[in-house]
Amino acid sequence: MEIKHFLQFKDLTSEEFEYLFERTREIKSRFKSYQQYWPLVDRTLVMIFEKASTRTRLSFEAGMQQLGGSAIYLNTRDSQLGRGEPVEDAAQVISRMSDLVMIRTFEQDIIERFAANSRVPVINGLTNEYHPCQILADIYTYIEHRGSIKGKTVAWIGDSNNVCNTWLQAAEVLDFNVHVSTPPGYEVEPERAGLYGTDHYEEFPDPMDACRDADLVTTDVWTSMGFEAENEERLRDFEHWQVDAEMMAQAKPDALFMHCLPAHRGEEVAAEVIDGAQSVVWDEAENRLHAQKALMEYLLLGKISG
Ligand code: CP
Ligand code: NVA
Numbered sequence: 015m016e017i018k019h020f021l022q023f024k025d026l027t028s029e030e031f032e033y034l035f036e037r038t039r040e041i042k043s044r045f046k047s048y049q050q051y052w053p054l055v056d057r058t059l060v061m062i063f064e065k066a067s068t069r070t071r072l073s074f075e076a077g078m079q080q081l082g083g084s085a086i087y088l089n090t091r092d093s094q095l096g097r098g099e100p101v102e103d104a105a106q107v108i109s110r111m112s113d114l115v116m117i118r119t120f121e122q123d124i125i126e127r128f129a130a131n132s133r134v135p136v137i138n139g140l141t142n143e144y145h146p147c148q149i150l151a152d153i154y155t156y157i158e159h160r161g162s163i164k165g166k167t168v169a170w171i172g173d174s175n176n177v178c179n180t181w182l183q184a185a186e187v188l189d190f191n192v193h194v195s196t197p198p199g200y201e202v203e204p205e206r207a208g209l210y211g212t213d214h215y216e217e218f219p220d221p222m223d224a225c226r227d228a229d230l231v232t233t234d235v236w237t238s239m240g241f242e243a244e245n246e247e248r249l250r251d252f253e254h255w256q257v258d259a260e261m262m263a264q265a266k267p268d269a270l271f272m273h274c275l276p277a278h279r280g281e282e283v284a285a286e287v288i289d290g291a292q293s294v295v296w297d298e299a300e301n302r303l304h305a306q307k308a309l310m311e312y313l314l315l316g317k318i319s320g
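The numbering used here numbers the first residue of the sequence shown as 15 and each following residue consecutively.
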């Protein structure tokens with residue numbers, strides 16, 4: 015079987031995502047009814063973390079165990095990765111001892127170089143540029159609550175970061191629209207976002223306008239991991255980009271609110287929104303587990319029936 019990596023959202027086709035959403039539904043439903051499902055017995059996932067994580071680590075580690083396999087955690091601090099071993103060498107070695115690798119790191123180039131030297135599939139668990147597993151789970155969550163996302167409008171409020179870039183790629187692959195509002199100086203960089211064009215997104219200087227008639231409103235931290243030195247400046251620059259009740263009121267009455275978490279109440283989102291009736295953030299976090307189980311099954315076993 016040809017090795018398939020998931021390094022950015024557009025690595026898979028809309029048809030493959032349809033399959034993954036179906037499998038996620040099936041795998042989640044079996045899990046909820048306590049049915050044992052062990053298709054990955056004897057398979058080993060290596061998880062490499064160069065940045066902190068709660069959800070990504072937990073969902074991959076628990077997910078692999080629930081599928082009958084095992085997961086090994088490596089971080090920069092206590093492996094040779096932090097002491098300058100070339101990423102190409104690490105990839106050669108790690109991929110000879112495992113069946114699947116998940117990496118959370120800094121530049122996308124690092125994961126691309128790892129994948130180019132890997133004998134096994136590599137999954138992006140977040141880079142400075144992208145967070146494809148997050149949007150896989152987010153769109154599954156949207157589908158669970160509201161049905162197909164095709165033709166719908168997602169409002170992205172805040173930083174044009176890794177999560178934003180991935181929403182923009184997803185809009186191209188799955189044919190929906192993103193209304194983006196960022197403070198001046200933080201606009202989308204289409205090349206960095208890896209976009210084919212500008213057909214699936216529109217930028218709005220005023221976040222209120224971006225939210226108008228949206229089906230889903232979403233945001234993320236103002237300062238992503240790796241950009242901590244800019245925190246003070248960002249707190250000032252993003253002040254008017256907090257998703258609050260007034261902003262949510264611009265969206266459709268049945269609009270959902272999502273946030274990949276961790277969240278900062280009083281910064282990018284008001285407590286009344288994230289803890290309010292339109293928020294689906296806990297389902298969104300839980301669905302990381304189910305969606306990534308479907309992803310791991312697909313990358314290791316291909317399409318299966320039943
Ligand atoms: N959303 C997300 O990836 O969370 P963690 O940083 O906790 O993994
Ligand atoms: N944009 C955030 C997402 C955290 C899950 C970051 O990169 O820190």
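C-beta: ideal position from N, C-alpha, C; glycine also.
Note that the structure is predicted; figures quoted are calculated from it, not measured.
Closest in C-alpha terms to Glu-260, from the list Ala-224, Glu-143, Arg-37, comes Ala-224.
In the structure shown, Arg-226 adopts coil according to DSSP, grouped into three states.
In terms of CA proximity to Glu-158, Asp-297 leads the group Asp-297, Glu-16, Arg-71, Ile-17. Between the ligand NVA and His-193, a heavy atom-to-CB distance of less than 7 Å is absent. In the structure shown, Val-187 adopts helical secondary structure according to DSSP, grouped into three states. Taking the Cβ of Ser-238 as the reference point, at least one heavy atom of the ligand NVA falls within a distance shorter than 7 Å.
Spatial neighbours of Glu-143 in its own chain (CB-CB distance under 7 Å, excluding positions within 5 residues in sequence) are listed in chain order as Gln-122, Asn-176, Asn-179, Arg-206.
For Arg-250, the closest C-alpha among the options Glu-16, Thr-196, Ile-137 is that of Thr-196. When Gly-83, Phe-23, Lys-164 are compared, the shortest CA-CA separation from Leu-59 is found for Gly-83. By the Cβ rule, the segment 59 to 76 does not count as touching the segment 31 to 41, because fewer than three pairs are nearer than 8 Å. Close CB contacts of Gln-264 within its chain, under the 7 Å cut and outside five residues either way in sequence, are with Met-222, Cys-225, Arg-226 (chain order). Partner residues in the beta bridge of Thr-232, as assigned by DSSP, are Trp-170, Met-272.
Thr-141 has its Cβ no nearer than 7 Å to any heavy atom of the ligand CP.
Going by DSSP, Ala-291 is part of no beta strand (DSSP E) at all; its letter is neither H nor E. Annotation for Phe-31: no beta strand (DSSP E) segment contains it, though the alpha helix (DSSP H) segment containing it runs 28 to 46. The DSSP-derived three-state label of Leu-81 is coil.
In the three-state DSSP reduction, Ser-109 falls in the coil class, being neither helix nor strand.
The count of Cβ pairs closer than 8 Å, one atom from the segment 21 to 28 and one from the segment 42 to 61, stays below three, leaving the stretches out of contact. By the Cβ neighbour-count rule, Lys-317 is exposed, with fewer than 16 other Cβ atoms within 10 Å of its own. Contact annotation: Val-194 and Ser-174 have beta-carbon atoms nearer than 8 Å.
Scanning Ala-308, Asp-268, Glu-242, Val-235 for the CA closest to the CA of Val-283 turns up Val-235.
Of the heavy atoms belonging to the ligand NVA, at least one sits nearer than 7 Å to the Cβ of Val-235. Residue pairing from DSSP places Leu-88 in a beta bridge opposite Ile-62. Scanning Met-78, Ile-62, Arg-71, Arg-44 for the CA closest to the CA of Leu-313 turns up Met-78. Pairwise C-beta distances place the segment 271 to 291 out of contact with the segment 121 to 135, as fewer than three of them are shorter than 8 Å. Within the segment 96 to 142, complete beta strand (DSSP E) segments of at least 3 residues are found at 114 to 118, 136 to 138, given in chain order. Taking non-hydrogen atoms of the ligand NVA into account, the C-beta of His-278 is found less than 7 Å away from none of them.
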